[in-house]
Each structure stands twice: as C-alpha cells, then as structure tokens.
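Read the structure below first, then the notes.
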Ligand SMILES: NC(=O)c1ccc[n+]([C@@H]2O[C@H](COP(=O)([O-])OP(=O)(O)OC[C@H]3O[C@@H](n4cnc5c(N)ncnc54)[C@H](OP(=O)(O)O)[C@@H]3O)[C@@H](O)[C@H]2O)c1
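Protein chains in written order, with my numbering: chain H, 498 to 659; chain L, 531 to 867.
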C-alpha cells in the first residue's frame with residue numbers, strides 16, 4: 498500500500514536526510530519526495546510531501562520511528578493530524594461560568610473540547626477544571642493563547658502546558 | 531586582583547569563604563592572586579589595601595554582626611560611595627540586596643565603578659532587570675566588564691554557557707524554572723497534598739522562603755531573571771514592566787491533583803520566546819526536564835543548530851551562588867592575560 502505524508506522539517510541542512518533515512522532502513526520504498534525550501538509554514542518550518550510504499554506493518558513502523566525522532570507528521574493521506582492540548586482553570590465555575598468558556602473555545606475552527614473534568618473545593622474559588630482540547634496539528638501556540646484570553650476574560654487563573 | 535565587596539550577607543560571605551578555600555588553587559591553576567581590599571555592610575566597612583583576612587572577616591561578622599568591628603581596619607558609618615572612592619581595587623563585587631523599584635543603591639555603585647574604570651561582578655538582579663542597557667552601555671564606554679552569572683539561577687550555568695559554549699547558535703527561546711523557593715513549595719504541594727498556605731508557612735520556618743515571600747511567590751524574582759536572560763542572551767531591549775507575571779499564591783491542591791491525574795505537574799515557568807515574555811504557572815509533563823524537585827532551577831534553551839539544550843543547578847545558596855561569582859572573577863582575569 499501507499500501512504501502520503503506531509504512532514505514538517507526545520508529549515509536547516511541535514512533535516513531531510515534524517516527523515517528519509519529510517520524509511521529506507523525499515524524496508525519501505527520512497528516513491529516521491531517534494532521538498533520546496535522556499536515554501537514555509539507560518540512557524541518558519543518547511544513542509545515536505547513524501548509518498549512511501551510498503552506493507553501496513555512496515556508503514557506503521559515508519560510512522561512510529563519518525564515520531565520517536567521528533568519529526569513532525571502534519572498530514573497522513575490528506576487528513577490533518579490532531580493533537581491534544583491540556584489546560585487547567587482555577588476559580589469558581591458557576592460564578593465565572595465555565596460552560597460559557599467552553600462554548601467560546603468550541604467555536605474556534607479546528608478546535609474541539611474532548612474532555613472536561615472538575616475538582617470542587619469547599620471554597621468555590623479554589624475549584625479547578627481540567628479541559629482537554631483536540632486541535633489540528635500545528636496550531637498549539639495559537640490555541641493556547643486563545644484559551645488564555647478566554648480564561649482570563651472570565652476571571653480564571655489559566656494554567657497552560659509549557 | 532583586588533576585590534571590593536559591597537554587602538556581606540549570604541552571598542558576600544560565600545564569596546569570602548570560597549576565596550579562603552580556593553586561594554592556593556587559584557594561584558596554582560591560573561596564577562591568580564585574589565585579595566579582598568574592602569568589605570561593607572550596613573554597619574560600615576573594613577578596608578586594607580594589602581588585603582583583609584577572609585577568615586577573620588567571616589568570624590567578626592558571625593560573632594558581632596558588624597564588619598566595622600574588624601580589628602585595626604574597621605570603620606563605622608562610612609558610605610559605600612566613600613568606600614568606592616577610597617579603596618584600591620580592580621573589581622567590584624556588588625552583592626547588596628535586590629531592589630526592584632529603582633535598582634538602588636546597587637545601580638549607583640556599579641556606575642561609579644565603571645566610571646573609575648573598574649570591572650564589576652554582581653548577583654544583584656535589581657539594576658540588571660531595570661536598567662540593563664544603561665549598564666551594558668556604560669561598561670562598554672568605559673571599556674570594562676560587567677558579569678552577572680550569579681544573578682540568574684545561582685549556580686546553574688546559563689549566561690556564560692550560552693555566550694561562551696554555544697556561540698555558534700542562535701537562541702530562539704528559553705523556558706525555565708527560575709525560582710527555587712516556588713519550585714520547593716509546588717513540589718511539596720504535589721508530594722504531600724497539603725495546602726499552599728501550609729507549605730509556605732513551613733518553608734518560611736525552614737528559611738527557604740523569606741518572611742516577606744512576595745517577590746518569590748508573586749513571580750517578580752523569576753521575572754527579573756526573564757528580563758536578564760532576554761537582554762543578555764536574546765539581545766532584546768526589555769525591562770521588568772514588559773513581563774506578564776502570574777505567581778503561585780492562587781494555586782490550589784484541586785488543580786495540582788487534576789494535573790497529576792493527567793501525568794502533569796504544575797511549575798512556575800519563565801518563558802522568553804518570539805512574542806512572549808512571561809512568568810506563569812504551567813503544566814509540565816512528569817518525567818520531562820522541567821519535572822525537577824526541591825529548590826532546583828532548570829532551563830531549556832531552544833537553539834537553531836543544537837536543538838534543545840537543558841541546564842540544571844542549585845538556584846540559590848551561599849557557596850553555590852559564590853561559585854558563579856568566583857567563575858566570573860576568573861573569567862575577567864583570564865580575559866586580561
Ligand atoms: N542568597 C542567594 O542564594 C542569592 C542567589 C542569587 C542572587 N542573590 C542576590 O545577591 C544579593 C545578595 O543576596 P544575599 O542573600 O547575600 O542578601 P542578604 O543576606 O540579605 O545580605 C545583604 C547584605 O548587604 C548588606 N547591605 C544592605 N543594604 C546595604 C547597603 N545599602 N550598603 C551596603 N550593604 C548593604 C547587608 O548588611 P547587614 O549584614 O548589615 O544587614 C547584608 O550584609 C541580592 O541582590 C540577591 O538578590 C542571592
């Protein structure tokens with residue numbers, strides 16, 4: 498079978514070779530590589546399209562190996578990959594209306610709140626809510642900023658991931 | 531090399547101690563002969579151009595609390611400016627308390643030393659966080675050196691490390707735990723499940739947190755270090771008021787336990803990146819480089835060529851901080867050989 502991947506590489510020498518090396522070594526065929534160094538993402542990285550061929554096990558191993566090497570895979574067969582973003586809000590969930598905060602996060606494009614958890618305290622101001630968001634790959638920084646803005650505007654203390 | 535030490539608290543005394551411990555080693559290894567020609571505290575000074583005895587300085591301070599009681603060479607009620615004017619020295623060691631309103635009196639001490647063509651080594655964050663450019667420019671104009679490794683992360687090597695060990699790299703961002711007291715409090719809250727108030731109280735009793743803990747727990751101390759790193763390593767022109775600051779005093783046990791269920795810890799993190807200059811509580815993964823306990827400091831530098839480089843070390847402590855000051859002194863000495 499064939500798999501189309503879009504990798505996201507840093508714009509420095511050697512990155513592409515590092516990414517291609519395990520593919521051949523694990524026994525997959527490299528069908529095409531499209532590498533345009535002048536096309537950059539908003540993060541300044543270079544997207545590289547590659548098509549590889551092999552049996553399912555081999556292709557799965559390739560993906561795991563690339564991930565272990567911290568090579569970012571943005572798309573698999575035309576589907577944007579998702580990543581999870583976790584946040585904790587501290588503050589009174591009723592008074593500050595955590596539900597409205599969630600709704601305001603859900604309306605952002607490519608963003609979905611997939612998990613919500615509460616830990617109540619006798620002092621409602623000390624209560625904490627955990628929110629897990631699934632978002633299109635590569636939007637982490639942007640979304641974390643939005644979470645912060647929404648949380649702060651509602652009066653919560655926002656604890657984002659590093 | 532003759533040293534004038536302003537301030538004889540934990541750090542100043544640490545400097546005297548390491549000089550006493552390492553005097554012979556410095557001579558043998560580097561040919562560096564260190565002499566302390568003046569020391570001051572709030573009582574006055576001890577001044578002797580041929581060099582004071584570090585052990586006697588420490589003993590007098592410990593026994594009487596006043597450096598002006600130093601036999602023969604002690605002087606009471608003399609100002610730091612007068613001392614700087616009067617004493618024969620090559621390098622000022624500025625270790626008076628940090629002031630984050632105007633950086634004084636340290637800032638004036640440093641500028642006076644520069645004007646007199648003396649090098650300066652300091653652990654004092656105040657003047658650096660408020661007037662970095664002014665100080666750097668004055669040092670340049672006067673053709674002298676300003677070194678301040680101890681001001682960020684005590685013994686954790688970061689400033690000289692970035693400048694001297696990674697000169698090939700552009701530093702794109704820095705994330706770090708830059709305050710030992712808050713890291714200690716958060717680590718214990720996570721381990722023991724006690725409240726913030728309870729652990730703060732115990733930390734104060736143990737001398738880890740100060741009686742007035744505001745600068746630590748409200749994030750100002752970490753923010754000063756963020757400013758110093760941004761200016762020194764990332765060539766930004768920023769001061770304390772440019773940092774967005776949230777401290778740890780509102781962190782609750784409820785939040786910590788929710789984080790733990792997900793495999794995360796809450797740490798007070800300083801961030802210097804392209805569009806962000808902030809200190810705030812953040813979620814860090816258990817087992818990641820930021821998951822350090824106790825009073826440790828840690829920082830990860832994201833570089834263009836070497837990817838991530840992480841440093842860890844003791845962020846405070848008398849001898850630990852003095853080690854960074856002594857390293858700066860040695861580096862100034864070597865640069866002149
Ligand atoms: N402690 C650490 O681990 C550490 C780590 C990194 C950086 N720093 C920084 O290093 C500096 C010194 O810290 P420290 O812990 O040694 O402070 P400290 O223990 O409070 O000692 C301050 C010393 O300065 C003296 N002093 C106060 N005002 C003075 C003035 N106007 N002129 C001359 N001397 C004056 C005090 O005199 P008396 O003895 O008479 O009171 C005392 O000897 C601070 O800026 C701090 O932020 C400390």
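Note that CB positions come from ideal geometry on N, CA and C, so glycine has one too.
Proximal residues of chain L, C-beta to C-beta of residue i below 7 Å
i: residue 625 (chain H); result: 782, 784, 785, 788
i: residue 616 (chain H); result: 784, 787, 788
i: residue 658 (chain H); result: 812, 813
i: residue 640 (chain H); result: Those within 7 Å of residue 640 (chain H) in chain L number zero; the least Cβ separation is about 14 Å.
i: residue 585 (chain H); result: 785, 788, 789, 813
i: residue 506 (chain H); result: Chain L residues near residue 506 (chain H): none, gap ~13 Å exceeds 7 Å.
i: residue 602 (chain H); result: In chain order: nothing, as chain L lies at least about 16 Å away.
Nearest candidate by alpha-carbon position, reference residue i, set the options
i: residue 773 (chain L); options: L:764, L:755, L:783; result: L:755
i: residue 655 (chain L); options: L:641, L:678, L:670, L:668; result: L:678
i: residue 583 (chain L); options: L:682, L:574, L:602; result: L:602
i: residue 784 (chain L); options: H:566, H:512, H:587, H:558; result: H:587
i: residue 852 (chain L); options: L:739, L:540, L:585; result: L:540
i: residue 642 (chain H); options: L:683, L:812, L:794; result: L:812
i: residue 634 (chain H); options: H:501, H:578, H:498, H:536; result: H:578
i: residue 620 (chain H); options: H:600, H:538, H:589, H:550; result: H:589
i: residue 639 (chain L); options: L:625, L:631, L:698; result: L:625
i: residue 778 (chain L); options: L:727, L:824, L:737, L:767; result: L:727
i: residue 543 (chain L); options: L:618, L:863, L:847; result: L:847
i: residue 536 (chain L); options: L:730, L:567, L:658; result: L:567
i: residue 648 (chain L); options: L:680, L:615, L:705; result: L:615
i: residue 839 (chain L); options: L:706, L:665, L:799, L:787; result: L:706
i: residue 654 (chain H); options: H:640, H:518, H:622, H:515; result: H:622
i: residue 500 (chain H); options: H:574, H:610, H:557, H:649; result: H:574
i: residue 580 (chain L); options: L:607, L:864, L:682, L:534; result: L:534
i: residue 831 (chain L); options: L:789, L:695, L:748; result: L:695
i: residue 806 (chain L); options: L:818, L:641, L:775, L:867; result: L:775
i: residue 600 (chain H); options: H:521, H:580, H:628; result: H:628
i: residue 546 (chain H); options: H:598, H:504, H:603, H:514; result: H:504
i: residue 645 (chain L); options: L:607, L:709, L:597, L:620; result: L:620
i: residue 603 (chain H); options: H:531, H:657, H:640; result: H:640
i: residue 609 (chain H); options: H:637, H:532, H:624, H:566; result: H:637
i: residue 560 (chain H); options: H:517, H:658, H:632, H:626; result: H:517
i: residue 478 (chain H); options: L:842, L:861, L:849, L:837; result: Since the first residue shown for chain H is 498 and the last is 659, residue 478 (chain H) is missing from the structure and cannot be characterised.
i: residue 752 (chain L); options: L:546, L:808, L:719, L:547; result: L:808
i: residue 607 (chain L); options: L:575, L:629, L:632; result: L:575
Where residue i meets chain L, residues with beta-carbon distance less than 9 Å
i: residue 565 (chain H); result: Those do not exist, as residue 565 (chain H) stays about 15 Å from chain L at its closest Cβ, beyond 9 Å.
Beta-carbon neighbours of residue i, restricted to chain H and to distances below 7 Å
i: residue 577 (chain L); result: Residues of chain H passing the Cβ test: none, with the nearest at roughly 49 Å.
i: residue 580 (chain L); result: Here the premise fails: no neighbours, minimum Cβ distance about 53 Å.
i: residue 603 (chain L); result: Here the premise fails: no neighbours, minimum Cβ distance about 52 Å.
i: residue 890 (chain L); result: This structure cannot speak to residue 890 (chain L), because chain L is shown only from 531 to 867.
Opening and closing residue of the beta strand (DSSP E) in which residue i lies
i: residue 810 (chain L); result: 806 to 815
i: residue 843 (chain L); result: 838 to 844
i: residue 703 (chain L); result: 701 to 707
i: residue 569 (chain H); result: 569 to 573
i: residue 722 (chain L); result: Run containing residue 722 (chain L): none in the beta strand (DSSP E); it sits in the alpha helix (DSSP H), 710 to 722.
i: residue 827 (chain L); result: 826 to 833
i: residue 762 (chain L); result: Taken as a continuous stretch (DSSP letters only), residue 762 (chain L) belongs to no beta strand (DSSP E), being part of the alpha helix (DSSP H) at 750 to 762.
i: residue 571 (chain L); result: 565 to 571
i: residue 800 (chain L); result: 794 to 803
Start-to-end residues for the alpha helix (DSSP H) that takes in residue i
i: residue 858 (chain L); result: 848 to 866
i: residue 821 (chain L); result: Premise fails: residue 821 (chain L) is in no alpha helix (DSSP H) and is neither H nor E.
i: residue 488 (chain L); result: Look at the range of chain L in this structure, 531 to 867, and you will see that residue 488 (chain L) is not part of it.
i: residue 552 (chain L); result: 540 to 560
i: residue 787 (chain L); result: 783 to 791
i: residue 589 (chain L); result: 584 to 594
i: residue 520 (chain H); result: 512 to 522
i: residue 746 (chain L); result: 744 to 747
Contact set between residue i and chain L, taken where Cβ atoms lie within less than 8 Å
i: residue 463 (chain H); result: Residue 463 (chain H) lies beyond the stretch modelled for chain H, which goes from 498 to 659, so this question has no answer here.
i: residue 599 (chain H); result: By Cβ distance, chain L contributes nothing, its closest Cβ being about 15 Å from residue 599 (chain H), past 8 Å.
Chain H contact residues for residue i, given Cβ-Cβ distances below 9 Å
i: residue 886 (chain L); result: For residue 886 (chain L) there is no data in the structure shown, the boundaries of chain L being 531 and 867.
Within chain H, the residues that residue i reaches when beta carbons sit closer than 8 Å
i: residue 794 (chain L); result: 583, 658
| message | Please list, in chain order, the residues of the region 772 to 789 of chain L that have any C-beta partner in chain H closer than 9 Å. | response | Cβ contacts with chain H come from 776, 780, 781, 782, 783, 784, 785, 786, 787, 788, 789.
| Name the residues in the region 799 to 819 of chain L whose C-beta lies less than 7 Å from a C-beta of chain H; which are they? | Of all residues in the region 799 to 819 of chain L, the ones placed with a Cβ closer than 7 Å to any Cβ belonging to chain H are 799, 811, 812, 813, 814, in chain order.
| Segments assigned alpha helix (DSSP H), at least 4 residues, entirely inside the region 600 to 661 of chain L | Entirely contained in the region 600 to 661 of chain L, the alpha helix (DSSP H) runs reaching 4 residues are, in chain order, 610 to 616, 636 to 645.
| Complete runs of the beta strand (DSSP E) confined to the region 579 to 647 of chain H [at least 3 residues] | Segments of the beta strand (DSSP E) lying fully in the region 579 to 647 of chain H: 579 to 587, 608 to 616, 625 to 633.
| task | Scan the region 524 to 553 of chain H and note each continuous beta strand (DSSP E) run of 3 residues or more that stays entirely inside, going in chain order. | result | With a minimum length of 3 residues, the continuous beta strand (DSSP E) runs that stay inside the region 524 to 553 of chain H are 526 to 532, 543 to 550.
| task | Report the residues of the region 686 to 717 of chain L with a CB closer than 7 Å to any CB of chain H, ordered along the chain. | result | Using a CB distance below 7 Å, the part of the region 686 to 717 of chain L facing chain H consists of 705, ordered along the chain.
| Where the region 717 to 728 of chain L meets chain H: residues whose CB sits under 8 Å from a CB there | Residues passing the 8 Å Cβ filter: none.
| task | Mind checking the region 731 to 757 of chain L against chain H and listing, in chain order, the residues whose C-beta falls within less than 9 Å of any C-beta there? | result | Flagged: no residues at all.
| query | Going along the region 508 to 528 of chain H in order, which residues come within less than 8 Å of chain L, judged by CB to CB distance? | reply | Answer set for the region 508 to 528 of chain H: 509.
| query | For the region 834 to 849 of chain L, which residues have a CB atom closer than 9 Å to at least one CB atom of chain H, in sequence order? | reply | Result list: 834, 835, 837.
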